[in-house]
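S.K.:
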Amino acid sequence: MFLTIKNTLKLSVVLPVLSLCLLLSSTCVYYNTFYYAETYFKQAEENRKKRERQAPGQQQPQSYPSAGKPYPHKGYEEGYQKGYEPQQRTSYNPDRELYEKAIKKASKVLAFHPKSKYVDDALYIIGKSYYSMEEYQKADRKFKELVVNFPKSKFIPEAYFYMGMSHFHLEDYAKAQEAYGEVLKTPRKKEFKDQASFMVAEIAYKEQDYPKAIKLYQQMLSQYRKSEKSAQAQLQIGECHFQLEDYQAAAAAFEMVEKHHPDTETYYLAKFRRGESLCLSGKQEPGLAVFQKLGEDERYFHHQAAVKLKIAAGEHQLGRRDRAVKTYEEVIESHPRTEESAQAYYELGRIHQLELLDLNKAKEMFDKCKTEKPSSNIANEALARSAEIAKLTSYREQLADSLTEAGAETQFLLAEALLLDMGQPDSALQEYMDLVEREPESNYAPQALYAAAYIYEELKGDTAAAVDLYQRITREYPSSEYALVAADSLGIELDVADSLNVGALLEHAQDLLFNRGDPDSALLLLFEVEARFPHSEYAPQAAFTRAWIVDTYLFPEDSSAVYAYQEIVNKYPDTEFAQAARDRMGLTKKTSDLAAQFSLVEGGDTTTFNPEDTTTYSKLGYPMAPEPLRAGLFVYPEELIEYEYRGKVLLKIFIDTFGQVKEAEVLGSSGSDLIDQAAIDAALETSFDFHHMDPKELNGYFLHQVKFEPPERKGSRYEPGVGP
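Note that the numbering used here numbers the sequence shown so that position 467 is 657, with each residue one more than the last.
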């Protein structure tokens, strides 16, 4: 009996103690798990903040002006830190391992201890770790979990703020603004309100609504005068005025940054930008003084190269070329193998090319720019300039040994290079006019006169001289395709019977196509004939020939030619060309004599055009563009979807030095103006990898196909297996 009571007493004491130990052990386990998560996270955040404090000293504005040109209006986004501006992701994050460890430990708290008091802490650690690793979608999901499940958590303001930041980086500005609005409504954590207010203004800036952004930055400054973001907000006000090209207001705004007690780097950026603004507002001397004072400040010696480039550019704009050259040379000597030294070589090249007219020295400078720092932003531009000079030299050497038509072609190419590549319209004009005088019977003569007229009218503002040349074209070369264009420029109707033989124009179009292999010019001429003389007997013939070129040379395997033939049937229904068009479309059983005649043209190359055979494109006179790096989106016209038109549009596009499409012109039409325009729009949004293209071909024309087909519709006859 006594033993039983004794054992019972022991159990009554031991069991609670054991339970307490187990409870403490469990608590200790999940707290230890959270402790490690928090430790890893804090260490990673401390490292990140330390790097960010050091990073500004390495940043330099990159908006350099070209010699002899005004300072650039853009470029700030690439060279300046603007608060929470999204930074380009890097392949290596030195703290990624710490963040991943923090996520792993915090996830264990969620998985094994879902009711602990550290769950909201764990969610915040996971979300912020993902955010710091630039995995914004994952970060957003975790922050949403936190605000939905723990609405009273102390992390609510931070969660909403970084939720907004995640959407900001993902360029979903509507959701970002909504999240920032939640921060501004929260009564706690005032330090996040100023940042949220700043970011609301940043959204307006990113959307290029600069007047709205100015008001929002000013509103933020009035509400949070002591905010650490106040200097950046004032800096951004200046930047908005700069983007609006109100340089006086920009200079004043940048000057006010100093009143907001900026850190050393923000102060530097404000002064640098103020110098640019003064120069652009026509106050070169005060602007130059700002840069000179900035260059003497020992706090900014790590920016000295960038400042010296601005000083050199300012000296150059003020006409002190020798000083500018000397300063560029100082940059090269003091800061070798840098972006700045490469830029200095480039500017020296432009001075030798455009002002000193020493092409050999200019090419030497451009070549050194490329080798100085191959990865620099200006290296490819320098390579293109060097190639232009080499091409120009080659044309001049060929011209010395060329005769008649070959010489005319070389001289025309030389003039074109001087005008388009070298920016020397006076020299180009001299070559064009010399060509006409030397080879007046050449096929290039009327084209040279037209180019010369363009220079007078568009670049020199000499309308009278341009009119004289347009009249000379219509008078001396009435059968050329440029006669019609010149007549349009003069605003006159040519007398068909006397001064212009339309039949001769059609013969010339056939010569362009079959003998010179130039469908581009042939199509242009045929379009002009049909447009200028729609009621003449030649209009249907021009239309049919144009459709036949599309059918035979461009797109024999799709519906583009069908549209062109159908247009002939609709516009000229009672003509023999309409009957021939029906035959080509296969709408009649018997082929007309005209259609049969066009199926085999004597002396012409009627080999079927194969879109996959790039050698065939040589007939058009331009190289085929390579596969795009990023293809623009073709938006199918909604009103044409029900017709199910499919095919390709052939375009002549101009690709600049950096692989961007700057011009697009239809050569092979779809037959629909809406589809053609959609193809042009898509092409203008297309870019190519210029690193893998021949630099000599950049800044030139290429052929490019845009495929079009109706979009599939779910639940309609566009979806396989649905409908009749």
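Heads up, the beta-carbon is just placed ideally off N, CA and C, and yes, glycines get one too. A quick note: this is a predicted structure, and the numbers were derived from the prediction, not measured.
#1: Measuring alpha carbon to alpha carbon, tell me which of SER531, ALA532 and ALA552 ends up nearest ILE183.
#2: Could you tell me which of PHE767, LYS291, ALA638 and ASP362 sits nearest to TYR326, measuring between CA atoms?
#3: Would you kindly check if the distance between the Cβ of ILE568 and the Cβ of ALA605 is under 7 angstroms?
#4: Output yes or no for whether 7 angstroms exceeds the beta carbon distance between ALA642 and LEU608.
#5: Within 10 angstroms of the Cβ of THR223, are there 16 or more other Cβ atoms? Answer buried if so, exposed if not.
#6: Enumerate in chain order the residues of its own chain whose CB-to-CB distance from TYR634 is below 7 angstroms, with the five nearest sequence positions on each side excluded.
#7: For ILE865, which three-state DSSP category applies?
#8: Three or more C-beta pairs under 8 angstroms: does that hold for the region 447-455 against the region 421-439?
#9: From the DSSP output, in three-state form, read off VAL373 for me.
#10: Grouping DSSP H, G and I as helix and E and B as strand, with all else coil, what is TYR326?
#11: Can you tell me whether DSSP reads ILE870 as helix, strand or coil?
#12: Find out if the Cβ-Cβ distance for the pair LEU703, GLU671 is shorter than 7 angstroms.
#13: Ignore the nearest five residues each way along the sequence and tell me which others in VAL759's own chain have a CB closer than 7 angstroms to its CB.
#14: Go through its chain and collect everything with a Cβ distance to SER387's Cβ below 6 angstroms, but skip five positions before and after it.
#15: Closest by CA to LYS396, which one among PHE358, TYR414 and ALA369?
#16: Taking the straight line between their C-alpha atoms, what separation do you get for TYR352 and ALA312?
#17: I'd like the ranges of any alpha helix (DSSP H) spanning at least 4 consecutive residues and lying wholly in the region 376-405.
#18: What is the rounded straight-line gap between the Cα of PHE723 and the Cα of ALA729?
#19: Going by C-alpha to C-alpha distance, which of PHE340, ILE293 and LEU874 sits closest to SER306?
#20: DSSP state of GLY539, grouped into three classes?
#21: Could you check whether GLU855 and GLY822 sit closer than 7 angstroms to each other, using their CB atoms as the reference points?
#22: For a test of the three-state rule: what should DSSP assign to ILE682, helix, strand or coil?
#23: Around the C-beta of ALA712, are 16 or more other C-beta atoms found within 10 angstroms, so that it is buried, or is it exposed?
#24: Return the first residue and the last residue of the alpha helix (DSSP H) that GLY477 is part of.
#25: With DSSP as the reference, please indicate the residues paired to LYS842 in a beta bridge.
#26: Would the beta-carbon of PHE444 fall within 7 angstroms of that of ARG463?
#27: Can the beta-carbon of HIS525 be found less than 7 angstroms from the beta-carbon of ALA514?
#28: At which residues does the alpha helix (DSSP H) containing LEU703 begin and terminate?
#29: Between TYR518 and LEU470, how many whole angstroms is the CB-CB distance? I'm expecting something under 8 angstroms.
#30: Indicate the three-state DSSP secondary structure (helix, strand or coil) for GLN614 in the structure shown.
#31: Compare the C-alpha of GLU718 against each of LEU674, GLU631, GLU832 and TYR644 and name the closest.
#32: Distance check for GLU629 and ALA596, CA to CA, integer angstroms please.
#33: Less than 8 angstroms between the CB atoms is what I'm expecting for PHE824 and ALA868, so what's the real figure, rounded?
M.R.: Answer, in terms of the structure:
#1: In this structure the chain extends from 191 to 914, so residue 183 is not present and cannot be described.
#2: The residue you call residue 326 lines up with position 136 of the sequence shown. Ranking the options by Cα distance to TYR326, first place goes to ASP362.
#3: Residue numbering aside, residue 605 sits at position 415 when the sequence shown is read from its first letter. Residue numbering aside, residue 568 sits at position 378 when the sequence shown is read from its first letter. Judged by their CB atoms, ALA605 and ILE568 are not nearer to each other than the 7 angstroms cut-off.
#4: The sequence position of residue 642 within the sequence shown is 452, counting from 1. The sequence position of residue 608 within the sequence shown is 418, counting from 1. No; because the gap between Cβ atoms is not below 7 angstroms, this pair is not in contact.
#5: As a first step, residue 223 is located in the sequence shown; it is residue number 33 there, counting from the start. With 16 or more Cβ atoms within 10 Å of its Cβ, THR223 is classed as buried.
#6: As a first step, residue 634 is located in the sequence shown; it is residue number 444 there, counting from the start. Hits under 7 angstroms: ALA598, GLU599, PHE602 and LEU625.
#7: Along the sequence shown, read from residue 1 onward, the residue named residue 865 stands at position 675. In this structure, DSSP gives ILE865 a helical state, which the three-state scheme calls helix.
#8: As far as the Cβ criterion goes, the region 447-455 touches the region 421-439, which means the pair count is three or higher.
#9: Counting from one through the sequence shown, the residue named residue 373 turns up at place 183. Residue state, collapsed to three classes: helix.
#10: For the purposes of this step, residue 326 is taken as residue 136 along the sequence shown, with counting starting at 1. Of the three classes helix, strand and coil, the one that applies to TYR326 here is helix, per DSSP.
#11: Numbered from 1 along the sequence shown, position 680 holds the residue referred to as residue 870. Helix at ILE870.
#12: As a first step, residue 703 must be located in the sequence shown, where it is residue number 513. As a first step, residue 671 must be located in the sequence shown, where it is residue number 481. For LEU703 and GLU671, no; Cβs fall outside 7 angstroms.
#13: The residue you call residue 759 lines up with position 569 of the sequence shown. Correct list, in chain order: ALA768, ALA771 and ARG772.
#14: If you number the sequence shown from 1, residue 387 lands on position 197. Same-chain partners within the cutoff: MET410.
#15: As a position in the sequence shown, residue 396 is number 206, starting the count at 1. Here the closest residue by C-alpha is PHE358.
#16: Translated into positions along the sequence shown, residue 352 becomes position 162. Translated into positions along the sequence shown, residue 312 becomes position 122. Each residue's alpha carbon lies about 15 angstroms from the other.
#17: Runs of the alpha helix (DSSP H) spanning 4 or more residues and lying entirely within the region 376-405 occur at 380-396, in chain order.
#18: Within the sequence shown, numbered from 1, the residue matching residue 723 stands at position 533. Within the sequence shown, numbered from 1, the residue matching residue 729 stands at position 539. So the two alpha carbons sit approximately 6 angstroms from each other.
#19: The residue labelled residue 306 in the question sits at position 116 within the sequence shown. The shortest C-alpha separation from SER306 is found at PHE340.
#20: By one-based count along the sequence shown, residue 539 stands at place 349. DSSP places GLY539 in helix when its eight states are reduced to three.
#21: Against the sequence shown, residue 822 aligns to sequence position 632. Against the sequence shown, residue 855 aligns to sequence position 665. By the CB criterion at 7 angstroms, GLY822 and GLU855 fall outside the cutoff.
#22: The count along the sequence shown starts at 1 and reaches residue 682 at position 492. If DSSP states are grouped into helix, strand and coil, ILE682 belongs with coil.
#23: The residue you call residue 712 lines up with position 522 of the sequence shown. By the beta-carbon neighbour count (other beta carbons within 10 angstroms, threshold 16), ALA712 is buried.
#24: The count along the sequence shown starts at 1 and reaches residue 477 at position 287. Going by DSSP, GLY477 is part of the alpha helix (DSSP H) stretching over 474-486.
#25: The residue given as residue 842 occupies position 652 in the sequence shown. Partner(s): GLU855 and LEU893.
#26: Walking along the sequence shown from the start, residue 444 turns up at place 254. Walking along the sequence shown from the start, residue 463 turns up at place 273. If you check the CB distance, PHE444 and ARG463 come in under 7 angstroms.
#27: Mapped onto the sequence shown, residue 525 falls at position 335. Mapped onto the sequence shown, residue 514 falls at position 324. Going by C-beta atoms, HIS525 is not nearer than 7 angstroms to ALA514.
#28: Position 513 of the sequence shown, counted from the first residue, corresponds to residue 703. Premise fails: LEU703 is in no alpha helix (DSSP H) and is neither H nor E.
#29: For the purposes of this step, residue 518 is taken as residue 328 along the sequence shown, with counting starting at 1. For the purposes of this step, residue 470 is taken as residue 280 along the sequence shown, with counting starting at 1. For TYR518 against LEU470, the beta-carbon gap comes to about 21 angstroms, at or over 8 angstroms, which does not count as contact.
#30: Sequence index remark: in the sequence shown, residue 614 carries index 424 (1-based). GLN614 falls in the coil class under three-state DSSP.
#31: Counting from one through the sequence shown, the residue named residue 718 turns up at place 528. Considering only LEU674, GLU631, GLU832 and TYR644, the residue with the shortest C-alpha distance to GLU718 is LEU674.
#32: Numbered from 1 along the sequence shown, position 406 holds the residue referred to as residue 596. Numbered from 1 along the sequence shown, position 439 holds the residue referred to as residue 629. For ALA596 and GLU629, the distance between alpha carbons rounds to 10 angstroms.
#33: In the sequence shown, residue 824 corresponds to position 634, counting from 1. In the sequence shown, residue 868 corresponds to position 678, counting from 1. About 6 angstroms; that satisfies the 8 angstroms criterion.
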